[in-house]
Amino acid sequence: MLARALRPSERRHHTRSTYHGVLQLQSLDNGTWFAVYGVDASAGGFAFVSDFGLRRGERLNVSVPELPALTVPAVVRHVTARADCYFVGIEFDEPLPGELERCLTA
Numbered sequence: 499m500l501a502r503a504l505r506p507s508e509r510r511h512h513t514r515s516t517y518h519g520v521l522q523l524q525s526l527d528n529g530t531w532f533a534v535y536g537v538d539a540s541a542g543g544f545a546f547v548s549d550f551g552l553r554r555g556e557r558l559n560v561s562v563p564e565l566p567a568l569t570v571p572a573v574v575r576h577v578t579a580r581a582d583c584y585f586v587g588i589e590f591d592e593p594l595p596g597e598l599e600r601c602l603t604a
């Protein structure tokens, strides 16, 4: 039981859904907006592939094309460098508003 409880996949509070869309992220360090390519999403976080390296703990704003006026604050929780990109997981500061969750997890 303890081993299962320590696995990250067992600690998740929200159900993940596949998401293969493009999202816009803004680095709060320098204000730069850039596009990332979705892998999966939930009400609590988002995994994506990025051409840009991010740092664990870095603060971001997240925006989706379907709701461009809505941005959600998040923090980078993990970054894995791959041969030609970065695999990144972020956690939202609070559960997503319903309309944004529906866009990401539909």
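To convert a position in the sequence shown, counted from 1, into the working numbering, add 498. Every residue gets a Cβ at the ideal spot worked out from N, C-alpha and C, and that includes glycine. Remember, predicted model here, so these are calculated numbers, not experimental data.
Contact test: residue i Cβ vs the ligand GDP heavy atom, cutoff 7 angstroms
i	result
GLY555	By its list of ligands, the structure shown contains no ligand whatsoever, and the ligand GDP lies outside what it can speak to.
Exposed unless 16 or more other CB atoms sit within 10 angstroms - verdict on residue i
i	result
ARG502	For ARG502, the predicted model reports a pLDDT of 41, less than 50, meaning its position is unreliable; a value from the coordinates is still stated below. Looking at its Cβ environment, which holds fewer than 16 other Cβ atoms inside 10 Å, ARG502 is exposed.
VAL562	buried
GLU597	exposed
Whole-angstrom C-beta distance between residue j and residue i, which should lie under 8 angstroms
i	j	result
VAL537	LEU523	Not confirmed; about 14 angstroms, so no contact.
ARG554	VAL577	6 angstroms
ALA539	SER515	6 angstroms
Neighbourhood of residue i by C-beta distance below 6 angstroms, restricted to the same chain and skipping five residues each side
i	result
GLY519	GLY536
GLU599	ALA541
Chain-order list of residues whose beta-carbon lies under 7 angstroms from that of residue i (same chain, five-residue window excluded)
i	result
GLU564	CYS601
GLY587	GLY543, ALA545, ARG575 and HIS576
Straight-line Cα distance separating residue j from residue i
i	j	result
GLY551	SER525	11 angstroms
ASP582	GLU592	31 angstroms
LEU521	PRO566	10 angstroms
Whether residue i touches residue j by CB criterion (8 angstroms)
i	j	result
VAL547	PHE585	yes
VAL560	ALA579	no
LEU594	VAL574	no
Closer than 8 angstroms to chain B by CB, residue i
i	result
LEU521	Although the question refers to chain B, the structure presented lacks it and comprises just one protein chain.
Own chain partners of residue i with C-beta closer than 8 angstroms, once the 5 adjacent residues on each side are dropped
i	result
ASP527	GLU556 and ARG557
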